[in-house]
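S.K.: First the structure, which I've put down as structure tokens, then a few questions once you've had a look.
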Amino acid sequence: MKPAGAYRFRRAIRPFSYTVAIAACGLGTVLALQQGYGNLWLALLIIGAGVLIQAAVNLINDHADLPVLESRLQAAEGEARREWAEAIEHVRRYHALGMIFFGVSLLIGLGLVLMQGWPLLVIIILGLLGGYFYSAEPIHYKRRGLGVVLVFWFMGVLLVGGSAMAMGAPITLPMLAVSIPFSLLTSLVLLSNEIRDHEEDRRHGLGTLTVRIGLDAGRYLYVAMLVGAYLVSLGLWLAGLLPWVWQLLFSLPLAFVPLMKVVNRQADRSDLPPLTGKLFAVFALLFLCAFVLELAL
84 MKPAGAYRFR RAIRPFSYTV AIAACGLGTV LALQQGYGNL WLALLIIGAG VLIQAAVNLI
144 NDHADLPVLE SRLQAAEGEA RREWAEAIEH VRRYHALGMI FFGVSLLIGL GLVLMQGWPL
204 LVIIILGLLG GYFYSAEPIH YKRRGLGVVL VFWFMGVLLV GGSAMAMGAP ITLPMLAVSI
264 PFSLLTSLVL LSNEIRDHEE DRRHGLGTLT VRIGLDAGRY LYVAMLVGAY LVSLGLWLAG
324 LLPWVWQLLF SLPLAFVPLM KVVNRQADRS DLPPLTGKLF AVFALLFLCA FVLELAL
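The following block contains the structure:
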């Protein structure tokens with residue numbers, strides 16, 4: 084269980100995670116712009132809505148901890164009791180703020196639906212439900228071991244395709260194929276959290292994928308997904324769907340450190356999530372540069 088001091092705003096907002104929403108929405112809007120759909124201002128609005136959804140998911144994430152926090156409060160005394168009471172207040176306040184962010188993103192989404200048609204509404208509803216029930220009951224698919232799999236679809240494929248659709252572009256198989264490297268790395272960020280928190284999650288009965296399949300299998304999956312992101316990118320380039328692939332080589336040094344932490348059984352993995360997030364940010368920037376430069380030229 085996290086200490087009471089961990090329920091602060093900076094921890095709740097998880098700043099390193101926003102690369103996921105910015106990159107996925109950015110890729111979808113750039114692919115649409117390449118096909119002649121939408122404009123820069125619409126793209127920025129869509130990216131902003133994606134960031135709001137990511138912020139909402141982050142802020143409500145700790146709400147599932149409330150029963151445990153309340154039991155800690157009942158057992159604590161003195162200064163510790165005050166700290167746990169403060170943590171509970173923070174969690175409730177952040178949950179309310181997260182729901183406001185969900186509401187604002189829904190309003191933006193409804194405006195886009197009026198512009199682009201009702202099929203976009205289906206994508207938006209799926210995205211909002213996927214974001215909310217990541218850590219909310221009664222589904223709470225993270226504790227059911229489905230987090231890594233469903234985040235691949237909700238925060239990867241669906242977010243890229245939905246962003247392109249919000250620009251007015253049709254969703255095509257090549258577009259979905261291009262989203263796969265981002266989807267793999269998005270799930271990798273979540274998997275890095277599960278690997279880091281494996282012992283704590285197992286101790287508290289949180290059935291994440293890594294708890295269910297075991298730490299070793301989780302480590303192997305991390306390596307496979309990381310290598311897979313580069314191999315799929317190479318395949319996209321060979322298929323003519325990615326303008327350039329060589330620029331991704333500059334992200335390899337950032338892949339080495341987290342990879343070694345996962346491969347080494349005795350390594351300290353406390354910083355694995357931010358290292359994976361940093362890799363995702365640089366990989367995404369280099370990946371997007373190929374499409375942005377092609378669009379500009």
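Going by my numbering, the letters in the sequence shown line up with residues 84 to 380, in that order.
Virtual Cβ for every residue (Gly too), placed ideally from N, Cα, C.
The structure displayed is predicted, hence computed values, not measured ones.
Is it the case that the Cβ atoms of Leu383 and Val306 are separated by a distance below 8 Å?
M.R.: Because the chain here runs from 84 to 380, residue 383 falls outside it and cannot be looked at.
S.K.: Nearest-angstrom Cα distance between Met248 and Glu282?
M.R.: 41 Å
S.K.: Using CA coordinates, which residue listed in Phe265, Ala350, Ala132 is at the minimum distance from Leu369?
M.R.: Phe265
S.K.: So, Val196 versus Ile207, is the Cβ gap smaller than 8 Å?
M.R.: yes
S.K.: Following the continuous alpha helix (DSSP H) through Met258, name the residue where it begins and the one where it ends.
M.R.: 256-261
S.K.: With a 10 Å radius around its C-beta and 16 neighbouring C-beta atoms as the bar for buried, classify Val124 as buried or exposed.
M.R.: Here the sequence assigns Trp to residue 124, which means Val is not the residue at that position. That one is exposed.
S.K.: Starting from the C-beta of His173, find all residues in its chain whose C-beta is less than 6 Å away, skip the five residues before and the five after it, and write them out in chain order.
M.R.: Tyr90
S.K.: Within 10 Å of its beta-carbon, does Met198 have 16 or more other beta-carbons around it, so buried, or fewer, so exposed?
M.R.: exposed
S.K.: So Tyr217 and Tyr224 are supposed to be a Cβ contact under 8 Å. How far apart are they, rounded?
M.R.: 6 Å
S.K.: Would you say the region 266-282 touches the region 318-327, given that touching needs at least three Cβ pairs under 8 Å?
M.R.: no
S.K.: Measure the beta-carbon distance from Thr112 to Met250 and round it to whole angstroms, keeping in mind my assumption that it falls under 8 Å.
M.R.: 6 Å
S.K.: Would you report the Cα separation of Pro336 and Val365, rounded to the nearest angstrom?
M.R.: 11 Å
S.K.: Count Cβ pairs between the region 271-279 and the region 315-322 that sit closer than 8 Å; are there 3 or more?
M.R.: no
S.K.: Comparing C-alpha positions only, which one of Thr291, Met258, Val205 sits nearest to Gly230?
M.R.: Thr291
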